[in-house]
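The structure appears below as structure tokens.
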Amino acid sequence: MTHTTIEKRVYTEQETSAYIGMSRSFLRQSRMEGLRTNRTDAPPFIKIGRSVRYLKEDLDLWLDNHTKLDHLVQEVA
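Residue numbers 120 to 196, in the numbering used here, belong to the letters of the sequence shown in order.
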């Protein structure tokens, strides 16, 4: 008997939350409000009927596009 493992390409909101390490409320809020000043942008999503889904390739790209910091620098006003 051969077992075939299928790599998931599409994630639900709950799976996406776990994958990127952000809350489901972050995903919902950022999806509804769009890009806002001083807020992290939302990963791209797709709608299939009434269902919201996230493509793994989009999530990987979204994660890669965020700045990697060695340390935080506090700005002096």
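Heads up, the beta-carbon is just placed ideally off N, CA and C, and yes, glycines get one too.
Keep in mind that this is a model prediction, so the values were computed, not measured.
Per-residue DSSP class, three states only, for residue i
{"i": "K166", "result": "strand"}
{"i": "I139", "result": "helix"}
Residues that DSSP places opposite residue i in a beta bridge
{"i": "R172", "result": "I165"}
{"i": "Y130", "result": "Y173"}
Neighbour-count burial assignment, residue i, 16 or more Cβ in a 10 Å radius
{"i": "A137", "result": "exposed"}
{"i": "P162", "result": "buried"}
{"i": "T124", "result": "exposed"}
{"i": "T186", "result": "exposed"}
{"i": "T156", "result": "exposed"}
Residue i vs residue j beta-carbon contact at 8 Å
{"i": "E132", "j": "L146", "result": "yes"}
{"i": "R172", "j": "F164", "result": "yes"}
{"i": "S175", "j": "R128", "result": "A small fix is needed here, since residue 175 is Lys in this sequence, not Ser. It is a contact, given that the beta carbons lie within the stated cut-off."}
{"i": "L180", "j": "I139", "result": "no"}
CA-to-CA distance, residue j to residue i, given in whole angstroms
{"i": "S149", "j": "S170", "result": "16 Å"}
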